[in-house]
Amino acid sequence: MRKELEVGVDSEVFNPDMLKLARDARELTQAELAQRSGITQAFISKLEHGLNNQPGEDALERISKALGFPRKFFFQRDRATGLPHFHYRKRAKLGAKPIARIEAVINIRRQHIAKLLRSYEIDVAKPIPQIDLDETGLTPEKVAERLRAYWLVPRGPIQNVVELIEDAGGIVILARFGTNLLDGLSFRLEGMPPLFFMNRDVPGDRFRFSLAHELGHMVMHAVPDDDQKMEDEAHRFAAAFLMPAAEIKPYLVGAKIGTLGRVKAYWKVSIKSLIKRSHDLKLITPSQYKFMNIQYNKIFKGEEPIDIPLEQPARLSSIVRYHREQLGYSTDDLAELLAFHPEDVERVYLGGRSGLRLIVSN
Amino acid sequence: MLDRETDQNEAMEAAAPILPIIHRILDDSVAFYFSEAYSPEARADHTDRAMANCIYSHAEKRMLGAAAETTGLTAINLKGLNVLNFNDKVVIRFKKVSANGRHSNYQTEQQQQYDDQLPLPGIPEPAFRLTAGYQMDAAGSALERIMIARPLGRTVFWAAQVSMIDGTVTWVDITPRRFTGTEESDFDAERARGGRG
Chain P
2 MRKELEVGVD
12 SEVFNPDMLK
22 LARDARELTQ
32 AELAQRSGIT
42 QAFISKLEHG
52 LNNQPGEDAL
62 ERISKALGFP
72 RKFFFQRDRA
82 TGLPHFHYRK
92 RAKLGAKPIA
102 RIEAVINIRR
112 QHIAKLLRSY
122 EIDVAKPIPQ
132 IDLDETGLTP
142 EKVAERLRAY
152 WLVPRGPIQN
162 VVELIEDAGG
172 IVILARFGTN
182 LLDGLSFRLE
192 GMPPLFFMNR
202 DVPGDRFRFS
212 LAHELGHMVM
222 HAVPDDDQKM
232 EDEAHRFAAA
242 FLMPAAEIKP
252 YLVGAKIGTL
262 GRVKAYWKVS
272 IKSLIKRSHD
282 LKLITPSQYK
292 FMNIQYNKIF
302 KGEEPIDIPL
312 EQPARLSSIV
322 RYHREQLGYS
332 TDDLAELLAF
342 HPEDVERVYL
352 GGRSGLRLIV
362 SN
Chain F
1207 MLDRETDQNE
1217 AMEAAAPILP
1227 IIHRILDDSV
1237 AFYFSEAYSP
1247 EARADHTDRA
1257 MANCIYSHAE
1267 KRMLGAAAET
1277 TGLTAINLKG
1287 LNVLNFNDKV
1297 VIRFKKVSAN
1307 GRHSNYQTEQ
1317 QQQYDDQLPL
1327 PGIPEPAFRL
1337 TAGYQMDAAG
1347 SALERIMIAR
1357 PLGRTVFWAA
1367 QVSMIDGTVT
1377 WVDITPRRFT
1387 GTEESDFDAE
1397 RARGGRG
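Here it is in structure tokens:
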């Protein structure tokens, strides 16, 4: 599932993986690409399967234009990395095509980060640890407690989850997944810091919980296990990490939905997760839990009040800034390095008009 | 015979000159509570009652301030029951209320008599005796609306939502449906019954 990372060194050999990646990123079928580029599907199919590795300048130009990637993109020696499915925070069934697009987007961003990190060192005093639950006999709650202690997190609500992770050497990337069915995805690759790709189009409180959930995977799940078991453990970790039992209890005892809004504003977690936490900590009975959920759905209809601001990552932008300011990279230089169009470099990495969105939807 | 609609129209007309003041007092008091004056931690510590007490304290100060600077408006304190009196025509107390205009906390004898529309020494008769209420949103984190209610024992005879739009105050009847049927009832008869139950 995981393939060894090969940081792309440009070559003169056409790379079929890059064509597939670019096509997935645009969510196009071979037939759709053929229609857009004016090339036959048979030709595209053979290119992708490596049966033809010399597309010729005219076809290359057409493909490049139809997919919105520069010619150089297709000559990188990178390979797409299969992303560990167990690190997805899936909210529901997500179709194969959107998953392929998201994986492609993440692979492209991962390639960019790998290239940028060739000239940038991340110093970390206390990295994200890996703790095996079976070996240590710890529960997810205990792991969360120990991690808070290890990182010297003050008592009470965590002010900024992104900052904690990035201080520990992780890189958090905000991306538009084009769906709210996937909240986040994280993975470790050899030679790279842990990467957390997070859906930026979710409420700030959900973002924090999802990020803590992904952190749980990073800490506890170096080796794959049963999907549901890992999801439950990551959920328990996230709840305990953001709302330690001893500290959240006083806020939940006797709580009603009418008071949880103020608790949410302080703890920066959703009212829904506060209700769930009350239940998990046995502060309410199962029937009270059921009643509160019915009440919750009736009142909020899927949209909670009190906006928690979306936490903003800083690591990646500081890496790009380092290239610009310390290494003298122009936008064109960065575009050349990343095999990306300069306008996309501007938009994605330099705070252009539409922020961090990588891929323009079709 | 004083039916609900007539009673409401007459009371709101009598209160019309001070409705902007009432609205501002409650709006400012709730906004102050949710301003940086209180930390999110302090607000999270508060029960509903603690929050209501804080907001009431801010409203009380603003009420006294308004009384000091508005002609015809005076503040009356009856053993802890603070009310505003406007020209002996309207008497208003401030409360946190639910969606139907009712409040649910423990009441002193004065407060009960106030709501029961029974004679109270110091309260002019036959002024309209009203409650200016603020209703919080479902999560207790923001002001939902401001209303004027006519208390009658443990229920309300009528309730009106008061809104401020571009500096102009408007009101609309929001008497809960389950209280309808009182249109035909006689306010004085209900009052004379004086029952809370």
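Read top to bottom, the protein sequences are chains P and F.
Going left to right, the first sequence walks through residues 2 to 363 as my numbering numbers them.
Going left to right, the second sequence walks through residues 1207 to 1403 as my numbering numbers them.
For each residue, glycine too, the CB sits at the ideal point set by N, CA and C.
The C-alpha of P:L175 lies about 19 Å from the C-alpha of P:A239.
Every alpha helix (DSSP H) stretch that sits fully inside the stretch 221 to 271 of chain P and reaches 4 residues is listed by chain position as 228 to 243, 246 to 253, 258 to 268. A contact is defined here as three or more CB-CB pairs under 8 Å, and the stretch 152 to 162 of chain P fails this definition with respect to the stretch 177 to 188 of chain P. Between F:A1365 and chain P, the shortest Cβ-Cβ separation is not below 8 Å. Within the stretch 1238 to 1261 of chain F, P1246, E1247, R1249, A1250, H1252, T1253, D1254 place their CB atoms closer than 7 Å to a CB of chain P, listed in sequence order. Around the beta-carbon of P:H236, 16 or more other beta-carbon atoms lie within 10 Å, marking it buried. With a cut-off of 8 Å on Cβ pairs, the stretch 140 to 150 of chain P is not in contact with the stretch 284 to 299 of chain P, counting fewer than three such pairs.
Chain-ordered, the chain F residues with CB closer than 8 Å to the CB of P:G259 read D1254, M1342, A1344, A1345, G1346. The C-alpha of F:D1372 is placed about 47 Å away from the C-alpha of P:I103. Its Cα nearest to that of P:V254, the residue P:T286 stands out among P:T286, P:E232, P:K269.
DSSP, read as helix, strand or coil, puts P:V125 in coil.
When only Cα atoms are considered, P:F74 and P:S319 end up about 24 Å apart. Identification of chain F residues near P:A266 by a Cβ-Cβ cut-off of 8 Å yields P1246, R1249, A1250, S1347, ordered along the chain. Distance from the CA of F:R1351 to the CA of F:A1344, rounded to the nearest whole angstrom, comes to 12 Å. Exclusion of the five residues before and after P:I132 leaves L139, V144, V220, M221 as the residues of its chain whose Cβ lies within less than 7 Å of its Cβ. Interface residue (Cβ-Cβ distance to chain F less than 8 Å): P:P310 is not classified as such. If you check the CB distance, P:F208 and P:S271 do not come in under 8 Å. Following the DSSP letters along the chain, one finds F:S1263 in no beta strand (DSSP E) but inside the alpha helix (DSSP H) bounded by residues 1254 to 1275.
Using beta-carbon distances, P:G205 does not count as an interface residue toward chain F, since no partner is under 8 Å. Distance between P:Y121 and P:Y323, taken at the CA atoms: about 8 Å. P:P306 has a beta carbon lying within less than 8 Å of a beta carbon in chain F. Rounded to whole angstroms, F:N1283 and F:L1349 show a C-alpha spacing of 26 Å. Nearest to P:D308 by alpha-carbon distance, out of P:R316, P:K265, P:R156, P:L338, is P:K265.
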